[in-house]
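Only one structure is covered here, and it is reproduced in the block below.
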Amino acid sequence: MRRKTSPLRSSIQRLLICTLGTLICITALAARPSWAADAAAMMALHNSVRTEAGLEPLQSDGQLTYAAQKKAEDMLTNQYFAHTSPAGVTPWNWIKSSDYGYDYAGENLSIDFDDAASAFSAWMDSPSHRDNILNRNFSDIGFGVSTGTYEGRETTVMVVMFGHRSTPAADETPPGGLAGMSAKPPTRSPPRDTTSPEPPHIRSPLPDTYLSSELCDITGEAEALSTVTLYNHGEYWAETTADPDGAFIIRAGCTDGIYSIAAIAADAAENQSRISEAISFTVDTTAPQVDPDQREHFSKDVLQTHTFLTRIRLLEPATGLTGSARIGNETFNLTPNDAEQALELLVTSPDTLGELSINFTLTDAAGNTLDLPAGYTTVITSYEKPAAELPLQKIKVLWAGLHFPPGPTDALKVALLCLFSELSVVGTAFARKARARVRN
């Protein structure tokens, strides 16, 4: 921006040059004679350097002169020194208002100079203004001069407008070249797309699900070819481009934890959608952990059956944990005991005698599994007292496990059963509860 200063002394003169909105200040020493009507001298200076450069001389044009004069007066009236007024009026608006049809146009400005030669010399020292003066595309020129008060001091401003006539459409948009810049007017482009795309829709993972992979695939739909950006708990996470059908997939590395993912889509015109509804899911890649020193087994004789309880304690809580146990060809479900932070196996079976080797499988909500091999937990059940001291129902349990040699008759089996039954009746008064030993 140009620095605001106090009114200049007569021994100082200044040129302010605007290039793409930037004001460049050049100072030089000179006297201050009036040159408001010195447009002819300025024309001669322009054509002199153009002739030396092998270019066609510029022709004075009444419509460009009218546009330049209106612009000079407007700058002092509205107290600005720039190519575009505070109201947004550009040089091309002034040229258009003069009915000058063009295909190339440009503008140079000066302020606080007292004669044409000094202003022209400063323009030639500025590459951007020099480019306008020596632009081979320009054929016409117009000058505007206005003297008045600017920022509290008396001064003179000069406007030079360059152009090349054409027959553009009546509603053609003026070009955007400023001092030191000139350009061919662009062709009319369609209106800019300002419609925001719809928010993306995340299809997977489903809300409140568990993943057991270190790579997360986030899939969904968005506007075709839009840029989809994912945010995790409000922080940038990853992005991709939707395909021509609007589908997108983002594969990102995941560590264990809870995720809250939302997405924004941006189209080619950089219009952004609203943020999508967030979906939450949990990544858990760690299998359940058990405490090998906290295996507990309980066994008791309840006359007709033998019952045992095995409890497996966990090192830490696991969401959605399930478990199963395999004993021989039978499979049993484990029961969670949240108070004990454990899983329990309770088995009641009339056929449970001898040594039992149990296989356990634990599975958490994410699908991570832990297999405890055979022998991890072994339960040994036996009875220290002879069969004669056991109640009849327990003898029947023993009977179920007897193995006869080949060829015994059914009558022999019945006789043996009766014998065991009689012994049981005689020994009932002395029978004591069988004890079971449990061994890890």
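Going letter by letter, the sequence shown gives residues -30 to -1, 1 to 410 in mature numbering (1 follows the signal peptide of the UniProt record, and there is no 0). In this text, a Cβ means the ideal position worked out from N, Cα and C, and glycines have one as well. Fair warning: this is a prediction, and the values are worked out from it, not measured in the lab.
Could you round the C-beta distance between residue i and residue j to whole angstroms and report it? I think they count as a contact, below 8 Å.
| i | j | result |
| --- | --- | --- |
| residue 413 | Ala14 | Look at the range of the chain in this structure, -30 to 410, and you will see that residue 413 is not part of it. |
| Ile245 | Ala236 | 12 Å between Cβ atoms; not a contact. |
| residue 413 | Gly290 | No answer is possible for residue 413: it lies beyond the span of the chain, which begins at -30 and ends at 410. |
| Asp261 | Ile219 | Contact flag wrong, Cβ pair sits at about 41 Å. |
| Asp110 | Leu28 | 6 Å |
| Phe90 | Met12 | 6 Å |
| Thr179 | Phe251 | 5 Å |
| Tyr72 | Arg135 | 6 Å |
| Gln208 | Ser196 | For the sequence presented, residue 208 should be read as Ala rather than Gln. About 15 Å separates the two Cβ atoms, so there is no contact after all. |
How would you call residue i, buried or exposed, if buried means at least 16 neighbouring beta carbons within 10 angstroms?
| i | result |
| --- | --- |
| Ile228 | exposed |
| Gly337 | exposed |
| Gly293 | buried |
| Ala385 | In this predicted model, Ala385 has a pLDDT of only 48, less than 50, meaning its place in the structure is not dependable; the value taken from the coordinates is given anyway. Under this definition Ala385 is an exposed residue. |
| Thr301 | exposed |
| Ser98 | buried |
| Pro258 | buried |
| Gln49 | exposed |
| Leu200 | buried |
| Tyr206 | exposed |
| Asn307 | exposed |
| Pro214 | exposed |
| Pro61 | buried |
| Thr165 | exposed |
| Ala10 | exposed |
| Asn299 | exposed |
| Pro177 | exposed |
| Ser243 | buried |
| Thr35 | buried |
| Ala309 | exposed |
| Ile249 | buried |
| Pro343 | exposed |
| Thr119 | exposed |
| Ser4 | Bear in mind that a pLDDT of 46 at Ser4, under 50, signals an unreliable position, so the number given afterwards is only what the model happens to contain. Burial call: exposed. |
| Asp226 | exposed |
| Ser96 | buried |
So, for residue i: in the same chain, excluding its five sequence neighbours on each side, which residues have a beta-carbon less than 7 Å away from its beta-carbon?
| i | result |
| --- | --- |
| Gly216 | Glu191, Ala192, Glu193 and Ala194 |
| Arg162 | Ala239 |
| Gln311 | Arg283, Leu284 and Pro287 |
| Glu184 | Gly223, Cys224 and Thr255 |
| Asn241 | Asp163, Thr164, Thr165, Ser166 and Pro167 |
| Trp64 | Ala37, Lys40 and Lys41 |
| His16 | Leu28, Ile103 and Ile111 |
| Thr(-9) | At Thr(-9), the pLDDT of 32 sits below 50, so the modelled position is not reliable and the matter cannot be decided from this model. |
| Arg106 | Leu25 |
Could you pull out every residue in the same chain whose Cβ sits closer than 6 Å to the Cβ of residue i, ignoring the five residues on either side in sequence?
| i | result |
| --- | --- |
| Arg173 | Thr189 and Gly190 |
| Ser116 | Ala42, Glu43, Leu46 and Val127 |
| Arg100 | Met94 |
| His203 | Ser230 |
| Pro169 | Ser243, Arg244 and Ser246 |
| Ser68 | Gln33, Tyr36 and Ala37 |
| Arg221 | Leu185 and Asp187 |
| Thr210 | Val198, Phe218 and Ile220 |
| Asp31 | Asp110 and Gly112 |
The ligand FAD and residue i: does the residue's C-beta get closer than 6 Å to at least one heavy atom of that ligand?
| i | result |
| --- | --- |
| Ser30 | With respect to the ligand FAD, the structure shown offers nothing to examine, as it has no ligands at all. |
For residue i, I'd like the list of residues in its chain whose CB is within less than 8 Å of its CB, leaving aside the five on either flank, ordered along the chain.
| i | result |
| --- | --- |
| Leu304 | Ile282, Thr292, Gly293, Ser294, Ala295, Leu313, Glu314, Leu315, Phe330 and Leu332 |
| His171 | Gly190, Glu191, Ala192 and Ser246 |
| Leu104 | Val19, Arg20, Ala23 and Leu25 |
| residue 414 | Limits of the chain in this structure are -30 at one end and 410 at the other, which puts residue 414 out of reach. |
| Leu181 | Pro175, Cys224, Phe251, Thr252, Val253, Asp254 and Ala336 |
With 7 Å as the threshold, decide whether the Cβ of residue i is near any Cβ in chain D.
| i | result |
| --- | --- |
| Tyr201 | The structure shown contains no chain D; it holds only a single protein chain. |
If we require 4 or more residues per run, which alpha helix (DSSP H) segments fall completely within the region 20 to 98?
Counting whole runs of 4 or more residues, the region 20 to 98 contains the alpha helix (DSSP H) stretches 32 to 47, 61 to 67 and 86 to 95.
If contact is defined by three or more beta carbon pairs under 8 Å, each pair taking one atom from either stretch, is the region 16 to 32 in contact with the region 47 to 58?
The answer is no - the region 16 to 32 does not touch the region 47 to 58, with fewer than three Cβ pairs under 8 Å.
Three or more C-beta pairs below 8 Å linking the region 85 to 93 and the region 54 to 72:
Flag = no, the region 85 to 93 and the region 54 to 72 do not touch.
Take every Cβ of the region 70 to 78, pair it with every Cβ of the region 121 to 134, and state whether three or more of those distances are shorter than 8 Å.
Because the criterion of three Cβ pairs below 8 Å is met, the region 70 to 78 and the region 121 to 134 touch.
Just list the beta strand (DSSP E) runs in the region 205 to 276, keeping only unbroken ones of 3 residues or longer that don't cross its boundaries, in chain order.
Runs of the beta strand (DSSP E) inside the region 205 to 276: 205 to 211, 217 to 223, 227 to 236, 249 to 253 and 260 to 271.
Quick one: which unbroken beta strand (DSSP E) runs of 3-plus residues sit fully inside the region 281 to 334? Chain order, please.
Within the region 281 to 334, the complete beta strand (DSSP E) runs of at least 3 residues are 292 to 297, 300 to 303, 305 to 307, 312 to 319 and 324 to 333.
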